[in-house]
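Chemist: End of the sequence shown = 266 in full-length UniProt numbering, gap-free, step of one. For glycine and all other residues, C-beta sits at the position ideal for the given N, C-alpha and C. All figures in this text were calculated on a predicted structure; none of them were measured in a lab. Before we start, here is the structure in question, set down as structure tokens.
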Amino acid sequence: MLFSDWSKIMTFLMIHVVVVPFIQHEMLHLTSLPAIFVYHLVAQLLFHRNINKILASDFRVRYGYLKKDSPRTKLPAVELKWTKMGGLLGAFFRIATLFIADGQGSRASFGISPTWIVHYSAYVLLLDFVFYWAHRTQHEHPFLYKYVHGKHHRAHLPNVLMTVHDTIFEKFFNTFIQMCLINWIIPMSFWDLHTTYYAIHLIEALGHSGIKCHLTNPLMPWLVFCKTELSIEDHDLHHRKLRGNYGKQTLVWDVLFGTNLPRIET
1 MLFSDWSKIM TFLMIHVVVV PFIQHEMLHL TSLPAIFVYH LVAQLLFHRN INKILASDFR
61 VRYGYLKKDS PRTKLPAVEL KWTKMGGLLG AFFRIATLFI ADGQGSRASF GISPTWIVHY
121 SAYVLLLDFV FYWAHRTQHE HPFLYKYVHG KHHRAHLPNV LMTVHDTIFE KFFNTFIQMC
181 LINWIIPMSF WDLHTTYYAI HLIEALGHSG IKCHLTNPLM PWLVFCKTEL SIEDHDLHHR
241 KLRGNYGKQT LVWDVLFGTN LPRIET
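Take a look at the structure:
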């Protein structure tokens, strides 16, 4: 069952990272660089919207939610509007780092490197290390939690939309500064980085979905053997307990530094 679910998600992911970009790349002679930027921005927003629909419909019906006796957090209408605008800003920052990393943009030769999975794994581990300590620090210092990170934790039982429910400072630091830093340390081609971003965003969305099933990152299966894989329940527990499980892509650093929490339902 889980294999078919992952097949559906991975097919959806490949359409966004291969098929659509290939069509767009072949039309570059008709497209200006600003238009390409807008294209990628819209593609990011559609990706988030569509993965939300998959998780909130098919998966919710099949598996239900974690802590099923308690309703998932819903934002007031006014705050929901600002959250969606924040999602647009986050997508803008993400695409900006992509174009900063490779000035050719999607004019670069289309294709994913044979060694992409190695670079992707290194990228995820390093990004997660930086995020782990930034995230943990924001929880352990009352001032930072109150004025920087606390907004994200208004969602005691999050849904996919909560992935982008944070402050502008967090969005700028987590999406722009951190990714620019990792892009500098682990340089990749435009299309390799493009694929990496979508895979990272997918895991973040899953982590906030609250779906009651043990879905983990299929691109890094060795994490399961090391017992450091991040499942949906792990980040859900972080939101409930407001401590532990600080990683957003893996549990590698939580296990190493002793902040991983035991799962209850999956």
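Where does the unbroken alpha helix (DSSP H) through C180 begin, and where does it stop?
Modeler: Element bounds for C180: Q178 to I185.
Chemist: Measure from the alpha carbon of L75 to the alpha carbon of each residue in D192, L88 and H156, then state which is nearest.
Modeler: Among D192, L88 and H156, the Cα nearest to that of L75 is on H156.
Chemist: Does the beta-carbon of G111 have 16 or more other beta-carbons within 10 angstroms, so that it is buried, or is it exposed?
Modeler: By the neighbour-count rule (16 or more Cβ atoms within 10 Å), G111 is not buried but exposed.
Chemist: CA-CA distance, residue 281 and N183?
Modeler: With the chain covering 1 to 266 only, the question about residue 281 has no answer from this structure.
Chemist: Under 8 Å between the Cβ atoms of V160 and A205?
Modeler: Yes; because the gap between Cβ atoms is below 8 Å, this pair is in contact.
Chemist: Within the 8 Å Cβ cut-off, does H235 reach chain C?
Modeler: Note that chain C does not occur in the displayed structure, where there is just one protein chain.
Chemist: Hey, L256 and E229: beta-carbon distance below 8 Å or not?
Modeler: No. Outside cutoff.
Chemist: Between the stretch 162 to 172 and the stretch 78 to 89, do at least 3 Cβ pairs fall closer than 8 Å?
Modeler: Yes, since at least three Cβ pairs between the stretch 162 to 172 and the stretch 78 to 89 fall closer than 8 Å, the two stretches touch.
Chemist: Distance, Cα to Cα, T266 vs N245?
Modeler: Rounded to whole angstroms, T266 to N245 spans 15 Å at the Cα level.
Chemist: What's the C-alpha gap between K212 and L66?
Modeler: K212 and L66: Cα-Cα distance of roughly 5 Å.
Chemist: In its own chain, which residues sit with a C-beta less than 7 Å from the C-beta of R60, not counting the 5 before and 5 after it?
Modeler: So the qualifying residues of the chain are I211.
Chemist: Between the alpha carbons of I264 and D102, how many angstroms are there, rounded?
Modeler: Going from the Cα of I264 to the Cα of D102 covers about 43 Å.
Chemist: Cα-Cα, which of A122, F93, P142 and G64 is closest to W222?
Modeler: Answer by Cα proximity: A122.
Chemist: Would you tell me roughly how many angstroms separate the C-alpha atoms of E140 and G258, rounded to the nearest one?
Modeler: If you take the alpha carbons of E140 and G258, they lie about 15 Å apart.
Chemist: Please report the Cβ distance between F131 and G247, rounded to the nearest whole angstrom; I am assuming they are in contact, meaning their Cβ atoms lie under 8 Å.
Modeler: Right, the Cβ-Cβ distance comes to about 7 Å (below 8 Å), so this counts as a contact.
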